[in-house]
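Notes follow the structure.
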Amino acid sequence: MVTNDIYNKEYDVIIVGGGATGAGTARDCALRGLSVLLVERNDYSTGATGRNHGLMHSGARYAVTDGESASECISENMILRRIARHCVEETDGLFITLPEDDLQYQQTFVDACQRAGIRADIIDPAEARRIEPAVNPSLIGAVRVPDASIDPFRLTVANLLDARMHGAETLNHHEVEGLIINQNRVEGVKLLSKRDGRHVEVRGRVVVNACGIWGQRIAQMAGAKISMFPARGALLIFGHRVNNMVINRCRKPANADILVPDDTVCVIGTTSDHIPIETVDDMRVTREEVDVLLKEGVKIAPSLATTRIIRAYAGVRPLVASDDDPSGRSISRGIVCLDHAKRDDIEGFITITGGKMMTYRLMGEIATNAVCAKLGNTAPCVTAAQPLPGSEEGGPSQSDLTKRYSFGERAAIGRHGSLAARIEKDNDIDNALVCECEGVTVGEIKYAVHQLHVHNLVNLRRRTRVGMGTCQGKLCSCRAASLLGEINHDVKGAQEDLAAFLDERWKGMRPVAWGDTLREAQLTAHIYEGLCGLDKVVDLQGKEDAQ
Amino acid sequence: MAEPMQLCNISENNFEQCTKCSICTTVCPVAAVTTDYPGPKQAGPDGERYRLKDPAYYDKMLKLCLNCKRCEVACPSNVHIADIIQRARMQASVGKHASLRDTMLASTDLLGTMATLVAPVTNATLGLKPVKLVMDSVMAIDKHRTFPAYSGTKFETWYKRHAASSQGAYPHHVSYFHGCYVNYNFPRLGQDLVKVMNAVGYGVHLLAKEQCCGVALIANGLYKQARRQGRVNAASIRQAVNAEHRTVLTTSSSCTFNLRDEYPSILDIDTSDVRDGIMLATRFLYNLVDEGSIKLIFKQDYKRRIAYHTACHMQRMGWQLYSIEMLRMIPGLDLQVLEQECCGISGTYGFKKENYERSQAIGSVLFKHIADAQVEAVATDCETCKWQIEMSTGLPVENPISILADALDVEATRKANGL
């Protein structure tokens, strides 16, 4: 339950949108001493932040086509290695040339990388096969670049945690229904709490629109027009890692040309299709998308043809038409920060959009600079130097991890960095595993519920990886639901949450439901419906129809 | 034509075929007695995903795995769970040395050769209380354990002196992989096999070169040596099966399982061309009786009540049926077939001080079943089960081949088979 204190305060800045950009902006504002409220209509990192590759670009991908983005990427890449150590896995990446590709492009690519300041070493194909055995062995060229893998859920949570440690308030499941507008000034937001159905108004001196593709709608509420060009991308998650380095195709960016090792899985993507703005909430993956991803994916790593796919998902890139060309012919992938006072004569309203998850910090810095300029705050930005909570120096070394910690503890340290020390582990119950695929303990669940804004199983999944393993929630979801029910004293709610969670897991499995994934899903259905009668206890379909 | 994609999922040891049903964990004898061991599902396919990410995620608790393979028998998805765990242990052992204790326990050939030379002294010494206490404290070999007695004469020596010359005269021929236990500790079992096979017209021959199959080496992390010995054995077996057209018989379920299945899956020694030529003697005999090529005549006055214990590796092969049905052919034998439970010894596992209590806890269910069965002896195809059951129940334990040899009317059988 949200106390009235939060609703009744007036903030220096209200940030709309709980993706990486919103979280990064909230952190930056809080570190500069502003009073901050961040609101998110669903859960943190529900949108594009949680629906991408989890790739920490070196910038090499953009080097040839967009030098500016490439420079931004490499600079942020180096910063994130320092400040977000526990969210980053330093895998390095390969750009491979296949026989069907033009090897001439490799030199163009390397030259462009050098211009952007990205280290790019041409290596022998044999060497590439040695350092990354999963790579298509018929490659004819390879370039090694400082790509890495990053967990956007962790990254967003770490930013939010730091913002809160510096006084910010954050609310998930609060939707902006409208803006409080006085003459030509935005003075706050009208919120609908999805937790208890209350409608409230909260005042802020500046409102930052950090809603990604949904920012167009928020801007409309203020009377400003932004032309967004939603570019949809679908991705596939495989059951385990086949590769330990990021593998890209060394050619002009195209469909399904990046394979990223993310934590225990690997992800191939993406497709790229421009879609009408009205359809951005429809995240269903089509059969055609799955086919394209597979067909291209096996060219990067042939073993993908026989590796189990556990899930398909899609996200929407918030591409923005530049103001001098609203037709969208020259769409920028760069960062767009709009001060609507200058642009539309609307005071107290800033939009930060475009960009990439990769450059979220820089976007936060740019947005915060704009906020501070309005509020007369002159504090400098420190987000590039100050480590995020969990990434402070002096964590346990890798050999310590093997010797001193249990499997669950190690997995938790991998997820929460130094903050894992806050997880209770003094008794057998706290150390018992809830999610066996991903090594999530009872202690970690309790920590997440009490510290990381968890109200339901989906929240919990994004904070801990519960239900993200190959069984997609078969064993862990009932255990986790039981814990949540116990903590919240709400059995009925826990049952509904469980049913909704399993339904959400199934939606991602459905486009790839064949072979072992189908067997897995059927066993889950047999357990929860056949054995436990969950469908009799909770009427999910009825609920959906009612909505 | 388009490349076939996603027609089936292929992963090492089928780890990706796991649907997390957890049946394996319910049959794991270790997980049943301690919370320290995460159970086969988590140690195997679950842990594998993390180990693929970073070998540092290896969990040292995997050492508690008995490698009994009950998980693999239970798995409805054909995941080679125990192999995954063995492989992970092997990976984690790279660059590490096995302890003196583990090396000693594993080096059956070396120790056997030395001990046989001075068997009476060795037996007496190993049985002495002060020696046991020293082994307990210094070597961490549990004081409750008694090493199997060493025989004064190796089986191979006996064979060369008393059996070798007469074997050529039989119409049919088999080879015999006797294993360390028969060679150094209990030649009688080998002699029993020769007796039974000869009675039905089969000459028994030793392999060109036999070394310990390596099951104890694998369990104790001495993979290089296991592989070396494995190659020697594979070559000898290949010669027997492919060149001499002789089935290679065995009398130990663990040796058999190791030769047939662990050689390829753990040691990367391909034995696929001779796998079907390696067979437990009871299976070989059962098949001969079943197809009518031999007849067995048993003593009229034979009368015993015996319980049959299915060793875990026996169950993994699915061959307990042959031993059980073989024993059931003996008219005077009242055979009580025990529900399959692990005895807890798992080769050298139970000898280690840190495992002793767990080992006995695991076996307790079986020991109770044996006590309830009210029998005079127990039959099993595994020698280490034998030590464990003898120590824990006080009952004598015999190999089915020895029981068969004991019950057989040799002269009548020879006649019935036209000898």
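Protein chains in written order, with the numbering used here: chain C, 1 to 547; chain X, 1 to 419. Backbone N, C-alpha and C define an ideal beta-carbon position, used for all residues, glycine too. Since the structure is predicted, the reported quantities are computational estimates derived from the model, not experimental observations.
Using the three-state DSSP reduction, which class does residue i fall into: helix, strand or coil?
{"i": "C/Lys-9", "result": "coil"}
{"i": "X/Met-1", "result": "In this predicted model, X/Met-1 has a pLDDT of only 44, less than 50, meaning its place in the structure is not dependable; the value taken from the coordinates is given anyway. Three-state result, X/Met-1: coil."}
{"i": "X/Leu-285", "result": "helix"}
{"i": "C/Lys-190", "result": "strand"}
{"i": "C/Leu-171", "result": "strand"}
{"i": "X/Tyr-50", "result": "helix"}
{"i": "C/Asn-248", "result": "strand"}
{"i": "X/Asp-136", "result": "helix"}
{"i": "C/Ile-275", "result": "coil"}
{"i": "X/Gln-360", "result": "helix"}
{"i": "C/Gln-547", "result": "For C/Gln-547, the predicted model reports a pLDDT of 46, less than 50, meaning its position is unreliable and no value from the coordinates is stated."}
{"i": "C/Glu-365", "result": "helix"}
{"i": "X/Ser-253", "result": "helix"}
{"i": "C/Gly-204", "result": "strand"}
{"i": "C/Ala-210", "result": "coil"}
{"i": "X/Asp-273", "result": "coil"}
{"i": "C/His-526", "result": "helix"}
{"i": "X/Tyr-349", "result": "helix"}
{"i": "C/Gln-386", "result": "coil"}
{"i": "X/Glu-244", "result": "coil"}
{"i": "C/His-416", "result": "helix"}
{"i": "X/Arg-414", "result": "helix"}
{"i": "C/Asn-182", "result": "strand"}
Quick one: using the 10 Å Cβ neighbour count with 16 as the cut-off for buried, is residue i buried or exposed?
{"i": "C/Val-512", "result": "buried"}
{"i": "X/Ile-10", "result": "exposed"}
{"i": "X/Asp-36", "result": "exposed"}
{"i": "X/Val-194", "result": "buried"}
{"i": "C/His-453", "result": "buried"}
{"i": "X/Ser-151", "result": "buried"}
{"i": "C/Gln-547", "result": "Residue placement at C/Gln-547 is poorly supported in this model, since its pLDDT is 46, which falls under 50; the coordinates are not used for a value here."}
{"i": "X/Met-1", "result": "Its pLDDT being 44, under 50, X/Met-1 is placed unreliably in this model, and the coordinates cannot settle the point."}
{"i": "X/Ile-266", "result": "buried"}
{"i": "C/Ile-247", "result": "buried"}
{"i": "C/Ala-385", "result": "exposed"}
{"i": "X/Gln-320", "result": "buried"}
{"i": "X/Asp-276", "result": "exposed"}
{"i": "C/Leu-103", "result": "exposed"}
{"i": "C/Arg-130", "result": "exposed"}
Using the beta-carbon of each residue, which ones in chain X are nearer than 7 Å to residue i?
{"i": "C/Thr-264", "result": "Arg-49, Tyr-50, Lys-53"}
{"i": "C/Glu-520", "result": "Thr-19"}
Name the chain X residues whose beta carbon is nearer than 8 Å to that of residue i?
{"i": "C/Trp-514", "result": "Gln-6"}
{"i": "C/Phe-153", "result": "Correct list: empty, because the minimum Cβ distance to chain X is about 17 Å."}
{"i": "C/Asp-428", "result": "Thr-35"}
List, in order along the chain, the chain C residues whose C-beta lies closer than 9 Å to that of residue i?
{"i": "X/Ser-22", "result": "Glu-436, Leu-475"}
Starting from the beta carbon of residue i, find every residue of chain C whose beta carbon is closer than 7 Å, and list them in chain order.
{"i": "X/Glu-341", "result": "By Cβ distance, chain C contributes nothing, its closest Cβ being about 25 Å from X/Glu-341, past 7 Å."}
{"i": "X/Asn-9", "result": "Thr-306, Thr-307, Arg-308, Gly-515, Asp-516"}
{"i": "X/Asp-46", "result": "Glu-436, Cys-437"}
{"i": "X/Pro-171", "result": "Result: empty, since nearest Cβ-Cβ is about 50 Å, beyond 7 Å."}
{"i": "X/Ile-38", "result": "The sequence shown places Pro at residue 38 of chain X, rather than the Ile named in the question. Here the neighbours are Phe-407."}
Could you tell me which chain C residues have their CB closer than 8 Å to the CB of residue i, listed as they occur along the chain?
{"i": "X/Glu-16", "result": "Gly-239, His-240, Thr-307, Arg-308, Thr-470, Asp-516"}
{"i": "X/Lys-41", "result": "Glu-436"}
Whose Cβ in chain X lies nearer than 9 Å to the Cβ of residue i?
{"i": "C/Glu-289", "result": "Those do not exist, as C/Glu-289 stays about 15 Å from chain X at its closest Cβ, beyond 9 Å."}
{"i": "C/Glu-100", "result": "Result: empty, since nearest Cβ-Cβ is about 14 Å, beyond 9 Å."}
Taking only runs of the beta strand (DSSP E) that begin and end inside the segment 148-209 of chain X, which ones reach a length of at least 3 residues, in chain order? 172-177, 202-206
Can you check the segment 474-512 of chain C for any alpha helix (DSSP H) of at least 4 residues that lies completely inside it and give the ranges in chain order? Every alpha helix (DSSP H) of 4 residues or more that sits fully in the segment 474-512 of chain C is shown, in chain order, as 476-488, 491-509.
Report the residues of the segment 303-318 of chain C with a CB closer than 9 Å to any CB of chain D, ordered along the chain. No chain D is present in this structure, whose protein chains are C and X.
In the segment 452-480 of chain C, which residues sit with their C-beta less than 8 Å from some C-beta in chain X, listed in chain order? Gly-469, Thr-470, Cys-471, Lys-474, Leu-475
Using Cβ-Cβ distances below 7 Å, what residues of the segment 135-161 of chain C are close to chain X? none
Residues of the segment 68-98 of chain X in Cβ contact with chain C at a cutoff of 7 Å, in chain order, please. none
Could you pull out every unbroken alpha helix (DSSP H) segment of at least 4 residues lying fully inside the segment 64-112 of chain C, listed in chain order? 67-83
At a Cβ cut of 7 Å, what residues of the segment 119-142 of chain X count as close to chain C, listed as they run along the chain? none
At which residue ranges does the segment 213-238 of chain C contain complete beta strand (DSSP E) runs of 3 or more residues, listed in the order of the chain? Contiguous beta strand (DSSP E) elements confined to the segment 213-238 of chain C occur at 228-238, taking only those with 3 or more residues.
Contacting positions in the segment 313-346 of chain X - beta carbon closer than 7 Å to chain C: none
Can you check the segment 420-471 of chain C for any alpha helix (DSSP H) of at least 4 residues that lies completely inside it and give the ranges in chain order? 428-431, 442-451, 457-464
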